[in-house]
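The structure appears right after this line, and notes come after that.
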Amino acid sequence: MLGFADGPLHWLFDRGALCGQSGLIGAVISAEGEHQSLTQDELGALAQAEIARRLGPLPDLRWTRVIAEKRATFACTPGLQRPSTVTPLKNFYLAGDYTASDYPATIESAVRSGIDCATRIAAQRA
581 MLGFADGPLH
591 WLFDRGALCG
601 QSGLIGAVIS
611 AEGEHQSLTQ
621 DELGALAQAE
631 IARRLGPLPD
641 LRWTRVIAEK
651 RATFACTPGL
661 QRPSTVTPLK
671 NFYLAGDYTA
681 SDYPATIESA
691 VRSGIDCATR
701 IAAQRA
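Under our numbering, think of the first position of the sequence shown as 581, with each following residue one higher.
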């Protein structure tokens, strides 16, 4: 995971680490802005150019997909207390992008919290 304080992209995720598909990268824009007036092809080109600017030349893209989710994240402000996946209730866990994580509120964060819950449940049954 890489976070950027400036530029059009805010986060880069190695999606291949989650799904075993080498070279799959997720680029996230987390706020409203000029990018909203771009076509999907233009957004893909913008992301490719920005990643190359930051990380160096890239191989040619095989494909891109733009997903626009207008209510994808909560306001993750500094000092926000996010709940753990573990709760005081026996056999009751929380999973979602809003739980305590090293990641912002993204699908990757939700997946990681789901994996954490599954690991804890499996450990209880062992």
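C-beta atoms are modelled at their ideal positions from N, C-alpha and C, and glycine is treated no differently.
CA-to-CA distance, residue j to residue i, given in whole angstroms
i: residue 682; j: residue 705; result: 27 angstroms
i: residue 641; j: residue 669; result: 47 angstroms
i: residue 687; j: residue 593; result: 10 angstroms
i: residue 605; j: residue 655; result: 24 angstroms
i: residue 659; j: residue 680; result: 12 angstroms
When the options are compared against residue i, the one with the closest alpha-carbon
i: residue 665; options: 676, 623 and 656; result: 676
i: residue 672; options: 686, 662, 697 and 687; result: 697
i: residue 651; options: 610, 582 and 657; result: 610
i: residue 667; options: 619, 700 and 600; result: 700
i: residue 581; options: 600, 612, 695 and 684; result: 684
i: residue 643; options: 657, 620, 633 and 649; result: 620
DSSP beta-bridge partners of residue i
i: residue 582; result: 592
i: residue 606; result: 593
Short Cβ contact (8 angstroms threshold) for residue i with residue j
i: residue 624; j: residue 608; result: no
i: residue 678; j: residue 692; result: no
i: residue 603; j: residue 591; result: no
i: residue 589; j: residue 630; result: yes
- Item | Continuous alpha helix (DSSP H) assignments of at least 4 residues falling wholly in the stretch 613-677 | Runs of the alpha helix (DSSP H) inside the stretch 613-677: 620-635.
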